[in-house]
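Chemist: Pasting a structure here, questions to come.
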Amino acid sequence: MSPRIAFNYHFTPHHTFRVGTSVAYRTPALMETNLPAVQPGELFVMNATATSQGIRPERLISREIGYIGEFVESKTRLDMRIFSDLVTNGIFWSGATSTFVNLMSAEYQGFEATIKQSFNENSELTINFAHELASSNGPALAAAGYGTFRSAAPWTNDALSASIPKNSGSLLYSHRLNDALIFSASYYQQGMMQPFDRGATDVQMMQKRTDMRLAHPFRIRGESKGELALVIQNLFNRGYTEYVANNLFNRRGYVTLTLKW
Numbered sequence: 015m016s017p018r019i020a021f022n023y024h025f026t027p028h029h030t031f032r033v034g035t036s037v038a039y040r041t042p043a044l045m046e047t048n049l050p051a052v053q054p055g056e057l058f059v060m061n062a063t064a065t066s067q068g069i070r071p072e073r074l075i076s077r078e079i080g081y082i083g084e085f086v087e088s089k090t091r092l093d094m095r096i097f098s099d100l101v102t103n104g105i106f107w108s109g110a111t112s113t114f115v116n117l118m119s120a121e122y123q124g125f126e127a128t129i130k131q132s133f134n135e136n137s138e139l140t141i142n143f144a145h146e147l148a149s150s151n152g153p154a155l156a157a158a159g160y161g162t163f164r165s166a167a168p169w170t171n172d173a174l175s176a177s178i179p180k181n182s183g184s185l186l187y188s189h190r191l192n193d194a195l196i197f198s199a200s201y202y203q204q205g206m207m208q209p210f211d212r213g214a215t216d217v218q219m220m221q222k223r224t225d226m227r228l229a230h231p232f233r234i235r236g237e238s239k240g241e242l243a244l245v246i247q248n249l250f251n252r253g254y255t256e257y258v259a260n261n262l263f264n265r266r267g268y269v270t271l272t273l274k275w
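Residues in the sequence shown are numbered from 15 upward in steps of one, following the numbering used here.
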């Protein structure tokens, strides 16, 4: 049972205040309850009996306060919220007992906002921003001998806290040039982070990336239509790494063809 309750109050037709909370669960996977008797590479066979007896579902309690505002005269829409997500009974592998255990707890708190600005019927700009902080009992677990939670980040001893970017944002601008061409450009920025299960050499520095897309919509006959598009990712070739230091994301481009009938 995963209950959710929310309250929305429209204090004007274009301005809405909301408050909500919900509870969700993640049932342990078969891998976590019946650890394979033979590891991958030979034959992947689950044990017939539970190897991690008594393991409980992970629980997530989410709370948020939000606001949606539509400013008709300026053609602007604002959607923002503050949130807190609490995870308990977190499951992870314990090398000491060779079982999965429910000992991790964590909390994520933050602020998110989206601003959508329409300049005219052909042009639109969308701005997204998020600020998020995380904390966990990882330092206590690391001190108790659970190596999974030893932080490789130099700025904190909480491996979970380091594993998310504190600040991230994006811009998306779209413009219809004419009936035959639609242009869009996007910019993404993500703060520094240390992947949870990687060493310090794989720290992910701040990412900055620009993409562009030029699309040509067309109609074939009747209700049939299609679109031919050119997409270029990482336009300025700001090589950045994802997850591991040698996983470099360079400039790349491709063409797509979409048909609908």
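Every residue, glycine too, gets a C-beta built ideally from N, C-alpha and C.
Since this is a predicted model, take the numbers as computed values, not measurements.
Pull up the CB-CB distance for F114 and E46, whole angstroms please, since I reckon it's below 8 Å.
Modeler: Contact holds; Cβ gap of about 4 Å.
Chemist: Using only the alpha-carbon positions, how far apart do N134 and S188 sit?
Modeler: Approximately 11 Å between the Cα atoms of the pair.
Chemist: What's the gap between the Cα of V269 and the Cα of F232?
Modeler: Rounded to the nearest angstrom, the two C-alpha atoms are 15 Å apart.
Chemist: Taking the beta strand (DSSP E) that G240 falls in, what are its first and last residues?
Modeler: Run containing G240: 239-247, per the beta strand (DSSP E) assignment.
Chemist: What are the start and end residues of the beta strand (DSSP E) that includes M94?
Modeler: Here the beta strand (DSSP E) through M94 covers 90-108.
Chemist: Can you tell me which of the three DSSP states S175 falls into?
Modeler: Residue state, collapsed to three classes: helix.
Chemist: My assumption, with CB atoms under 8 Å, is that S66 sits in contact with A38. Please give the rounded CB distance.
Modeler: That pair is no contact at about 21 Å.
Chemist: With three or more C-beta pairs closer than 8 Å as the rule, is the segment 72-82 touching the segment 94-101?
Modeler: Counting Cβ pairs under 8 Å, three or more are found: they touch.
Chemist: Considering only residues of the segment 16-88, which uninterrupted alpha helix (DSSP H) runs meet the minimum length of 4 residues and lie entirely inside it, listed in chain order?
Modeler: The qualifying runs are 44-47.
Chemist: Helix, strand or coil for L191? Go by DSSP, reduced to three states.
Modeler: In this structure, L191 counts as coil in the three-state DSSP scheme.
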